[in-house]
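In UniProt numbering, the protein residues as written are 1 to 443. Even for Gly, the Cβ is constructed at its ideal location relative to N, Cα and C. Just so you know, these numbers come straight off a predicted model, no measurement behind them.
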């Protein structure tokens, strides 16, 4: 079995929670695999499903954040569940829920009758669930063969215990179609001057430089993240996410002002457009670039093979460009799940090379496996480059809605960023409003 090029993330500092209390309190047909189709996440977990940790007769309920018909993302998770069922003899009941419903219902879900194992993310929100007693301590399942200390750190909450098992990660970067760049004689920029010149040339040729869709609220967070890290540095960014910096200070106002100046290079009216629709515009050649995660390939169909990317250029030479968002996806065990032992046994297996291979062998668009023993035989050039870029990054953030308080991300930052996009000249008003609400949430 071959090994990923750089999934060990050897030189990266993976962003996790600080050790202070404040930083934490801030029907697919698959043989015998049972697949649920609940329309609401909160409706999924029932009282049945107890059993032994593994083996014939045991049952584990598996909640996933991709609905049937969602494409490669759902297919990977369903195939992983099927592989575990076959290998362990444990019956797996899959509850597949669309991504946005899953996100919006997660707190209610975990406090009700949740599935035993569920898809989630590394970062602040995972640590919040641990602090609130909503997810199970998985420290006894670690170490996991093939997951290095960086991934263990990303799975650790402020109490020093592990509550998460990674399976994959992906960078956010500036994506573009190679054929479109070649046709127009464009090259990936390495400086801000080159970047601005590229966008001006695109506009001159009738191509909107950036695809942009924020109908779902979260995609624009990626733009704020990268601008803040480029202008103010990784440490300031993470401190801001923890509520320890001023949202109405000159640093954050500078981020919004830089964004304001870049908006004319983006698709207009982003609040009426999903990220998939924005990706389609890039796929058609209407837009030249798109700042998003590598999951953008899932929306491009046959044009996915034409994708390449570059990291967002340096904006301040004293800050550099060695930080980026590279979220880690994986799994937690719900503390209120009915089958704790079966859930923990499955969670540990989900971090294995076998789990990653099962998912990647089932989908046209493979993810970048966290496990160093996973096969890279299905990796495209895009996946290989992604692993190299993440491995070379000095600092890695998890993305705003994973790095900060959940209420702050959802009830403050989504509407605040969207208010800014509607009226980008009201930076003082937007930042003052954010700060006022941050005071009540972070204290």
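In this structure, the straight-line span from the alpha carbon of residue 294 to that of residue 113 is close to 33 angstroms. Per DSSP, reduced to three states, the secondary structure at residue 418 is helical.
Only buried fits residue 168, as 16 or more other CB atoms lie within 10 angstroms of its CB. Taking all protein chains in view, the Cβ of residue 143 is surrounded by fewer than 16 other Cβ atoms within 10 Å, so the residue is classified as exposed. Taking the Cα positions, residue 225 is about 18 angstroms away from residue 265.
The beta carbon of residue 239 is closer than 6 angstroms to those of 245 in its chain, skipping five residues each way along the sequence.
Every unbroken stretch of the alpha helix (DSSP H) spanning 4 or more residues and falling wholly within the stretch 97–143 is given here in chain order: 99–110, 124–131.
For residue 433, the enclosing alpha helix (DSSP H) begins and ends at 427–442. Looking only at 223, 230, 278, the smallest Cα-Cα distance to residue 215 is reached by 278. Within the stretch 140–172, the complete beta strand (DSSP E) runs of at least 3 residues fall at 165–169.
Taking a cut-off of 8 angstroms for Cβ pairs, the stretch 96–113 and the stretch 315–328 do not touch, as fewer than three such pairs fall below it. Between the alpha carbons of residue 326 and residue 221 lies a distance of about 13 angstroms.
Minimum Cα-Cα distance from residue 409 among the listed residues 428, 389, 435, 395 corresponds to 435. Cβ contact annotation for residue 386 (same chain, cutoff 7 angstroms, sequence separation greater than five): 170, 171, 294, 368, in chain order.
Under the Cβ criterion (8 angstroms, minimum of three pairs), the stretch 152–160 does not count as touching the stretch 173–185.
Per DSSP, residue 387 has no beta bridge partner at all. Under the three-state reduction of DSSP output, residue 215 falls in the coil class, being neither helix nor strand. Selection 306, 392, 341, 270 evaluated against residue 213 yields 270 as nearest (Cα-Cα). In the same chain as residue 205, and ignoring 5 residues on each side of it, the C-beta atoms closer than 7 angstroms to its own belong to 184, in chain order. Under DSSP, residue 282 forms no beta bridge with any residue.
For residue 320, the secondary structure class from DSSP, reduced to helix, strand or coil, is coil. Straight across, the Cα-Cα distance linking residue 356 with residue 249 is about 43 angstroms. Every alpha helix (DSSP H) of 4 residues or more that sits fully in the stretch 65–97 is shown, in chain order, as 72–88. Of the other Cβ atoms in all chains shown, fewer than 16 fall within 10 Å of the Cβ of residue 284; this residue is therefore exposed. In the three-state DSSP reduction, residue 404 falls in the coil class, being neither helix nor strand. Only residues of its own chain outside the window of five on either side were considered, and among them 208, 210, 211, 212, 213, 273, 278, 281, 287 have a CB closer than 8 angstroms to the CB of residue 267, listed in chain order.
In this structure, DSSP gives residue 397 an extended state, which the three-state scheme calls strand. Following the DSSP letters along the chain, one finds residue 258 in no beta strand (DSSP E) but inside the alpha helix (DSSP H) bounded by residues 250–262. Residue 302 is classed as exposed because its beta carbon has fewer than 16 other beta carbons within 10 Å across all chains shown.
Counting along the chain, no alpha helix (DSSP H) covers residue 296, and no H or E run does either.
The alpha carbon of residue 62 has as its nearest neighbour, out of 425, 78, 360, 149, the alpha carbon of 78.
Beta-bridge annotation (DSSP): residue 368 is paired with 169.
Counting the other Cβ atoms within 10 Å of the Cβ of residue 404 gives 16 or more, which makes it buried. Taking the Cα positions, residue 337 is about 6 angstroms away from residue 115. In the DSSP assignment, residue 195 falls within the unbroken alpha helix (DSSP H) covering 192–204. The beta carbon of residue 407 is closer than 7 angstroms to those of 441 in its chain, skipping five residues each way along the sequence.
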